[in-house]
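One gets the numbering used here by counting positions in the sequence shown from 1 and adding 42 to each.
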Amino acid sequence: MRRHELTDFEWKIIAPLLPNKPRGVPRVNDRRVLNGILWRFRTGSPWRDIPERYGPSTTCYNRFVRWRGAGVWDHILQAVSAAYDSDLIMIDSSCVRVHQHGATGKKGDRDDGMGRSRGGLSTKIHALVDAEGRPIRMALTPGQAHDGTAAEELLADLKPGATLLADKAYDSNAIRQQAQEQDVWANIPPKSNRKGAFVFSAFLYRYRNLVERFFNTLKQDRGIATRYDKNPENFLAAIKLVSARIWIRSYESTT
Numbered sequence: 043m044r045r046h047e048l049t050d051f052e053w054k055i056i057a058p059l060l061p062n063k064p065r066g067v068p069r070v071n072d073r074r075v076l077n078g079i080l081w082r083f084r085t086g087s088p089w090r091d092i093p094e095r096y097g098p099s100t101t102c103y104n105r106f107v108r109w110r111g112a113g114v115w116d117h118i119l120q121a122v123s124a125a126y127d128s129d130l131i132m133i134d135s136s137c138v139r140v141h142q143h144g145a146t147g148k149k150g151d152r153d154d155g156m157g158r159s160r161g162g163l164s165t166k167i168h169a170l171v172d173a174e175g176r177p178i179r180m181a182l183t184p185g186q187a188h189d190g191t192a193a194e195e196l197l198a199d200l201k202p203g204a205t206l207l208a209d210k211a212y213d214s215n216a217i218r219q220q221a222q223e224q225d226v227w228a229n230i231p232p233k234s235n236r237k238g239a240f241v242f243s244a245f246l247y248r249y250r251n252l253v254e255r256f257f258n259t260l261k262q263d264r265g266i267a268t269r270y271d272k273n274p275e276n277f278l279a280a281i282k283l284v285s286a287r288i289w290i291r292s293y294e295s296t297t
């Protein structure tokens with residue numbers, strides 16, 4: 043087995059979650075193709091540069107896009123993260139630069155999660171993680187968007203009694219109200235110009251570094267640390283696939 047390829051443990055978990063195709067022409071080896079897809083995002087290389095050992099690069103690309111459209115990557119992430127620790131959750135965001143190859147779409151019809159910020163064109167990845175720093179939900183916005191932009195979507199349907207950790211960027215009436223309506227305690231440091239008093243635990247807040255560690259782990263894949271994909275759905279699907287692998291590795295480390 044080559045470096046960065048799926049281990050037997052990882053494949054044992056992923057294989058049953060892939061689409062079943064009992065009839066028709068058998069698919070090209072799923073594990074080989076998936077390793078090719080992972081190689082592409084790990085290295086940040088163009089699809090056409092995927093090594094021959096993983097089969098035709100067009101097969102890897104078409105399989106990735108087709109399964110994204112069929113919700114396969116969403117299904118895998120949901121399945122492996124179903125037992126997440128929901129008592130303590132953290133939300134944050136991280137910017138990634140958009141490579142020139144990913145920024146060649148037409149500007150007039152752009153809804154691609156790209157935006158201008160200091161340093162050029164960028165995309166912001168928003169993530170909600172559990173008490174182990176494992177990803178639960180992700181979303182994309184343009185790089186200049188405020189951190190709280192995707193909060194409503196990511197913070198929906200939380201477990202009553204949970205504690206939410208977030209930095210000052212999430213200190214808004216809307217986010218605190220949404221948490222309160224779900225019986226979730228928002229442990230968020232108030233901004234300096236905030237009116238009113240809020241209960242805040244500096245001790246619990248120290249654990250917020252787990253979401254930052256998640257982003258550091260996620261960006262070890264060069265195809266995530268820099269966005270090369272024009273299509274935001276492809277980029278988000280890649281983030282979910284890599285996130286699913288983070289989950290599986292957390293299980294592998296405890297066996």
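C-beta atoms are modelled at their ideal positions from N, C-alpha and C, and glycine is treated no differently.
- [ ] Could you tell me whether the Cβ atoms of Asp-209 and Asp-263 are closer together than 8 Å?
- [x] Counting from 1 along the sequence shown, the entry for residue 209 is found at position 167. Counting from 1 along the sequence shown, the entry for residue 263 is found at position 221. No, these two residues do not count as a Cβ contact at 8 Å.
TODO: Would you give the residue range spanned by the beta strand (DSSP E) that Asn-279 belongs to?
DONE: In the sequence shown, residue 279 corresponds to position 237, counting from 1. It is worth fixing the name first, because residue 279 is Ala in this sequence and not Asn. Where Ala-279 is concerned, there is no enclosing beta strand (DSSP E), although the alpha helix (DSSP H) it sits in stretches over 274 to 294.
Task: Element boundaries [beta strand (DSSP E), containing Asp-72] - done: Position 30 of the sequence shown, counting from 1, holds the residue named residue 72. Here Asp-72 belongs to no beta strand (DSSP E); instead the alpha helix (DSSP H) covers 72 to 85.
TODO: Measure the Cβ-Cβ separation of Ile-167 and Ile-118 and say whether it is below 8 Å.
DONE: Here residue 167 corresponds to residue number 125 of the sequence shown, with the count starting at 1. Here residue 118 corresponds to residue number 76 of the sequence shown, with the count starting at 1. Taking 8 Å as the Cβ cut-off, Ile-167 and Ile-118 do not qualify as a contacting pair.
Task: Per-residue DSSP class, three states only, for Asn-215 - done: Position 173 of the sequence shown holds residue 215. In the structure shown, Asn-215 sits in a helix (DSSP, three-state: H, G or I).
- [ ] Report all residues from its chain with a CB closer than 6 Å to the CB of Ser-128; omit the five preceding and five following residues, and keep chain order.
- [x] Position 86 of the sequence shown, counted from the start, is the residue given in the question as residue 128. Excluding sequence neighbours, Ser-128 sits near Lys-201 and Ala-204.
- [ ] Per DSSP, which residues does Cys-102 bridge with? Please list them.
- [x] Numbered from its first residue, the sequence shown carries residue 102 at position 60. Paired residues: none, contrary to the question.
Open item on the list: Please tell me whether Ala-267 and Val-140 are closer than 8 Å, where the distance is taken between their beta carbons.
Closed with: If you number the sequence shown from 1, residue 267 lands on position 225. If you number the sequence shown from 1, residue 140 lands on position 98. No, they are not a contact pair.
- [ ] Using alpha carbons as the reference points, say which of Ser-292, Arg-248, Ser-214 and Arg-105 lies closest to Lys-237.
- [x] Walking along the sequence shown from the start, residue 237 turns up at place 195. Here the closest residue by C-alpha is Ser-214.
TODO: Helix, strand or coil for Ile-230, going by three-state DSSP, please let me know.
DONE: If you number the sequence shown from 1, residue 230 lands on position 188. The answer is coil: DSSP assigns Ile-230 none of H, G, I, E or B.
Task: Cβ-based neighbour list, Leu-196, same chain, cut-off 7 Å, excluding 5 preceding and 5 following - done: Counting from one through the sequence shown, the residue named residue 196 turns up at place 154. Cβ neighbours of Leu-196 beyond the five flanking positions: Ile-133, His-168, Leu-170, Arg-179 and Ala-181.
- [ ] With DSSP as the reference, please indicate the residues paired to Ala-181 in a beta bridge.
- [x] Locating residue 181 in the sequence shown gives position 139, counting from the first residue. Answer is His-168.
- [ ] Kindly list the residues whose CB is nearer than 7 Å to the CB of Gln-122, restricted to its own chain and excluding five residues on each side of it in sequence; keep chain order.
- [x] Translated into positions along the sequence shown, residue 122 becomes position 80. Note on identity: in this sequence residue 122 is Val, with Gln being the wrong assignment. So the list reads Ile-55, Ala-286, Trp-289 and Ile-290, once near-sequence residues are dropped.
Task: Cβ-based neighbour list, Asp-225, same chain, cut-off 7 Å, excluding 5 preceding and 5 following - done: For the purposes of this step, residue 225 is identified with residue 183 of the sequence shown, where counting begins at 1. The residues are Pro-202 and Gly-203.
Task: Own chain, CB closer than 7 Å to Gly-155, minus 5 neighbours either side, in chain order - done: Against the sequence shown, residue 155 aligns to sequence position 113. Excluding positions up to five away in sequence, the list reads Thr-165, Leu-182, Thr-183, Pro-184 and Pro-274.
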